[in-house]
């Protein structure tokens, strides 16, 4: 017997689920979806912006000679001895009574290479500047935190220029 075109296909027991109904357009649902998407994307965007801001601040070498002592670490991304030196410097800095400015010169960037060339240093190096911007000491390689702490204290005790 031939099948009639008007007969509906009966679903098999495995596909007995009704077809989903298409919802009519709703501006309220659209706005809610957009707000959820913005909220989801805002967190990584804010994190990225904060990381970029911190990276700029950490690499800002214009503070040298600004009336406060500064320590600049010359580093290269991915360098394990550079990371060890940074850990030691941060540990020594955390033991100080006063805040000490710590900056990083990335030799993978043009400004970092320029800095390293100007002071004749390479990666895994700390350059200690007095408040006037003069080089007080250069520490090459990974230096223990105790030694750095003593150097940082001596750096902070140097005379500072008078403010006018």
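Numbering (my numbering), first residue to last: 11 to 174. Glycine residues also receive a C-beta, built at the ideal position from the N, C-alpha and C atoms. Being a predicted model, the structure only gives us computed values, none of them experimental.
Please report the straight-line C-alpha distance between residue i and residue j, rounded to a whole angstrom.
i	j	result
residue 83	residue 49	37 Å
residue 156	residue 40	60 Å
residue 42	residue 144	58 Å
residue 102	residue 87	22 Å
residue 170	residue 131	25 Å
residue 151	residue 168	24 Å
residue 126	residue 96	17 Å
residue 36	residue 120	53 Å
residue 134	residue 54	31 Å
residue 164	residue 153	16 Å
residue 47	residue 38	14 Å
residue 94	residue 45	43 Å
residue 79	residue 117	22 Å
Let's test the definition: count the other Cβ atoms within 10 Å of the Cβ of residue i and tell me whether it reaches 16, buried, or not, exposed.
i	result
residue 114	buried
residue 64	Residue placement at residue 64 is flagged as unreliable, the pLDDT there being 49, under the threshold of 50; the coordinate-derived value follows with that caveat. It is exposed - the Cβ of residue 64 has fewer than 16 other Cβ atoms within 10 Å.
residue 51	exposed
residue 140	buried
residue 70	exposed
residue 122	buried
With DSSP as the reference, identify every bridge partner of residue i, one or two as the case may be.
i	result
residue 117	Beta-bridge pairing links residue 117 to no other residue.
residue 148	137
residue 83	114, 136
* To do: Pick out the complete alpha helix (DSSP H) segments inside the stretch 89-140, 4 residues or longer, and give them in chain order.
  => 90-104, 120-129
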